[in-house]
Every structure is written in structure tokens, then in C-alpha cells.
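Structure, as C-alpha cells:
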Amino acid sequence: MSTPSRQRAAEESEGASPYSADEAPANPAVSAAAEQINEDASPAAKHRRRLRLVIAPTVLALLVVVVWLLGTTLLPFIVAGLLAVLLSPVVERMTRWKLMPRAVAAVLVTAGVVLLIAGIMAAITPMLVREVTNLTQQLPDILSQVYWWVRLRVGDTVDLPTQEDLRQRVADMVMPVGTYIDSALSYGLSLFSTLLLVFITPFLTAYLLADWPRVLRRSDSLLPRRSAPTIRSMMNDMRVQLGAYIRGQLLIVLWQGVLHAAGLMLIGLNFGLIIGILTGLGALVPVIGNLTMFSIALIVAVIQFETIGPVLGVIGIYALSQLLETTVLTPWLVGERVRLHPVWVIFALLIGGSLFGLVGALLAMPVAAVLRVLFGYTAERYRSSKLYEEL
């Protein structure tokens, strides 16, 4: 054998493995993966997965029960949390630009919002009181006009109540102020709850805004290390969607209120201001709020005007507003990611209204936006789990 051949043979013998193919040690990464597969397929792992499937719905059900039982007490905390999500970007910018400490920025932003709301209420309350007073005084005449308008069109084919019956029913509905207060107290809207909501909510909002980074750090330290990235991503998506929804809906409420109030007053519709403002507030309760106020505006227009022009004007205002909201405002202000399916919207409104009344209906959509993210992550995790393949 030549010298180069001997050198190549020596190099090959030195580089050759001292083990046979069957005795060669396994790759550590492959071994770890194999051990993980065996662990996931073990009876104990299957038991843990089934246990999680039972525990998660149980915890969610208990949470719903606690919220239902403590609804009035938890309301300031829920509202403060929503306001903190809404105002957090403003505080973040003020802190990032080194304008002032975060605590000072949180207090100033909260105080500014409170003063803004108080100023708006002080400006529109006298007009609203005047409109409501006129509406209460004219309600019997309005119902009388409705009665004769319907009677002239249906004749005697329908058994309608008499005018005296209608007046008596109106008198029964327009109760004294004391009776209204008693009814409000019986439904849980006590003076204590109102004061709690009015005075405690700004304090909680300022505290959450000031201590939000520290709250996040403490919460993050309690997360399970294995699931921490997923939980962080889920919570960030919830924050983004909730903030986008709240900011977008408030701008839509402002748009709807200004457009309808100005348009209805321009037409000369009686109670146009209060109907327009209520239409804007009705945007907080999608579908139901807008449809209800449109029906009221249409009835008032039909009774008030003898020509078809103003009635068509009312229809045009609501149609134009709905078109702009659906095609421009909602995609621009709220975004496609936050838009909820109409069936999910109606379901959330019914559940929220049945549990907490009007407040529940107002909070139904923000909660639905959060639950949508939670259900999406839960479904994705379930589809990628061994339990999904085993069932």
C-alpha cells in the first residue's frame, strides 16, 4: 500500500466511531423529544389534560356566579378598568415624552375626563330637562293623535282601546317622583350605589393608570413559566381589542348624537334634541338602540307633519348615519379585528341585560370583545392538544 493510501486509512480509522450502529448513543435532542412524547402519552398526562378540561369551565362558571352576586359592588371596578384601558395611551405618551411623572399624568388625565364629562352634562342638562318636561306635558296629546291616526286607517276592524283608557294608562305611567325613587331603590339603584360609582370610579381609574406597569410586573411574575408567552400574547390582544373598541365606540356615539340631533332639529322635529342625543347613546347598545330611537323619531314625524317630506327626511338621516357608520366609521375607528358577528352581539346583549339590566347591556360589548379573544386562544390551544386527537 502506498504512503498516501496508508494516511487516508489511518485518518478514516481515527474518525470512525468506536460503537456499532446499534450501540451508538442517541442524539440528545431526539432523546428529549422521545421522552416528551412518551410523557404526553402516559396515563398521568392524559388524566391531567382531562382534569384541565373540567377545571377550566368550572372556574369560569364560578367567576360568572361571583360577578352576578356582586354585580353592583364590582361595577366601579369594571368601569374603572375600562376607563384605564381607554386612557392608558394618553398617560403612556405623557410619560414617554418626559413631561411629568406617571402618577401626576394619571391624576391630570383622570381629572380632565371628569371635568369634561361634568361640563358636557352641565351644558346639555337644562335643554334635556326642558325637552323632557315638554314631552311629559304633550304625551297625552301625542297618544291621542296616534290613536286617531291609527283609527282612521284601520277603522273598526281592530278593537282599539278608547281614548280614556289611553289617558288612564299614561297617568299610570307618569308616576310621582317619589314613586320613581322607590322603584329605583327596589331595583338596586340606591343612592349609595350611585355615589359609589360616581366618587370611587375616578379614584380607582387614577390608581390603575398610575400603577399599571407595576401591576403588570407583579402579575407577570405569577404566570406559569411554560404558559407565560401565550398568556402575555392573549392579554395584549385583549388590551388592544378592548381599547380599540371603547375608543371607537365613544367616537361613534359622539358622531351619532351630533348628526341626529342637528339633523332632526334642522327638520323641525319636536324633541329633536333629546331624540338625537338618545340615538347617540343608543349606539352603545348596537342594533337595538338605533332601531328603537329610529322608530320613535318616525312616529313623532308622522304625527307632527302633514306632508311626507319631513318624514322622508327623518328616514334619510337615519339611513345615511347607518351607512356611514357601517362602511366608514366602524372599520376606521374600531377596526375589522374587533367587529363582532351580529348573532354574537345579540347574544351578548341579552345575557348582559338579563344579568345586570341597562348597565349589563352597556358593558356587554366590551366584555364580548374580551371573551372573543379568550375563546379564540382556547380553541387554538385545544386543537393543537393531544386531547383533541384522542377524543
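The sequence shown begins at 0 in numbering that gives the first Met the number 0 and counts up one residue at a time. The beta-carbon is built from N, C-alpha and C at its ideal position, and this holds for glycine as well. Quantities reported herein were computed from a predicted structural model and do not represent experimental measurements.
Separation of residue j from residue i, as counted between CA atoms
i, j, result
"S384", "W331", "37 Å"
"S143", "A79", "45 Å"
"T278", "T291", "8 Å"
"V286", "F346", "12 Å"
"V84", "G351", "20 Å"
"L297", "I274", "11 Å"
"T326", "P341", "15 Å"
"T124", "W67", "33 Å"
"R246", "G288", "19 Å"
"L348", "M364", "7 Å"
"M237", "A367", "11 Å"
"T417", "I314", "There is no way to answer for residue 417, as the model of the chain reaches only from 0 to 390."
"Q240", "V197", "26 Å"
"A391", "V128", "There is simply no residue 391 to check, as the chain begins at 0 and stops at 390 in what is shown."
"D210", "L114", "22 Å"
"A300", "A243", "36 Å"
"A117", "I199", "16 Å"
"L258", "L322", "13 Å"
"P139", "I77", "40 Å"
"V63", "T57", "10 Å"
"S226", "F293", "48 Å"
"G92", "R231", "Looking at the sequence shown, residue 92 is not Gly but Arg. R92 and R231: Cα-Cα distance of roughly 22 Å."
Beta-carbon proximity list for residue i, same chain, < 6 Å, skipping 5 on both sides
i, result
"Y376", "M233"
"E130", "F270, L272 and I273"
"V344", "P285"
Where the alpha helix (DSSP H) through residue i begins and ends
i, result
"G405", "Outside the displayed span of the chain (0 to 390) sits residue 405, for which this structure offers no information."
"L221", "Segment: none, L221 is in no alpha helix (DSSP H) and carries neither H nor E."
"L259", "As written in the sequence, residue 259 is His, which differs from the Leu given in the question. From DSSP, the alpha helix (DSSP H) with H259 extends over A227 to I266."
"S320", "I307 to L323"
"I302", "I287 to Q303"
Identity of the residue in the options nearest residue i by Cα
i, options, result
"E324", "P223, Q248 and T109", "Q248"
"L86", "L311, G267, V64 and G111", "G111"
"I266", "Y317, L221 and P341", "Y317"
"Y397", "V239, A102 and M237", "Not covered by the structure: residue 397. The range shown for the chain is 0 to 390."
"P88", "L319, L208, L283 and L215", "L208"
"W254", "T132, G281 and F198", "G281"
"L311", "L354, L263 and E379", "L263"
"L81", "T229, P201, I119 and L322", "P201"
"E379", "A117, I199, T57 and T229", "T229"
"A261", "S320, P139 and I295", "S320"
"V369", "S294, S218 and N235", "N235"
Any chain C beta carbon closer than 9 Å to residue i
i, result
"T326", "Structure shown: chain C not included; a single protein chain is present."
Contacting residues, own chain, Cβ-Cβ under 8 Å from residue i (five flanking each side not counted)
i, result
"F374", "none"
"T94", "P100, R101 and A104"
Cβ separation of residue i and residue j, assumed to be a contact under 8 Å, to the nearest whole Å
i, j, result
"L328", "I276", "So it is not a contact: roughly 18 Å between Cβ atoms."
"L268", "Q303", "7 Å"
"L283", "L361", "5 Å"
Residue i beta carbon near the ligand SAM (any heavy atom closer than 8 Å)
i, result
"W96", "With respect to the ligand SAM, the structure shown offers nothing to examine, as it has no ligands at all."
Sequence-distant residues of its chain with Cβ nearer than 7 Å to residue i (five each side left out)
i, result
"V108", "L86, V89, V90 and L208"
"M126", "L272"
"R213", "none"
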